[in-house]
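When you read off a place in the sequence shown, starting at 1, and then add 1, the result is the number in the working numbering.
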Amino acid sequence: MKKWSWWVKALVILVVLFGVIQLIPYGKDHTNPAVVAEPVWKDTATQNLVARACYDCHSNETTWPWYSNVAPASWLLAHDVEEARQNLNLVIGLPILLSVRRFSRVP
């Protein structure tokens, strides 16, 4: 029997590790919190632009892509959305959005 080369062993180890990390549940709960209130938009064009560009991370209306179910991408996406919602959540009501403290972490 031929000995496996080191790269085949490394590939097998990587595939096994990839399978094992799929069992870690962080980042796979894709329930969106309820929408409390939406800001009043000046016009529908602005609302549509913000919805297309920002709502996936900065709202409770996130549309999760297929790869958000595959670790480690699910971990990164869940962390990024959690952080984005903490810094600026567009559907929690205008008074909270206008708080200076909420924008203190934005560079």
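Heads up, the beta-carbon is just placed ideally off N, CA and C, and yes, glycines get one too.
Across the set VAL82, GLU62, LEU78 and ASN49, the C-alpha of GLU62 shows the shortest separation from the C-alpha of VAL37. With contacts defined by Cβ atoms closer than 9 Å, TRP65 and TYR27 do not form a contacting pair. Under the three-pair Cβ rule at 8 Å, the stretch 80 to 93 counts as touching the stretch 39 to 55. Within the stretch 41 to 75, the alpha helix (DSSP H) runs of at least 4 residues that lie entirely inside it are, in chain order, 45 to 55. The straight-line gap separating the alpha-carbon atoms of TRP7 and ILE25 is approximately 28 Å.
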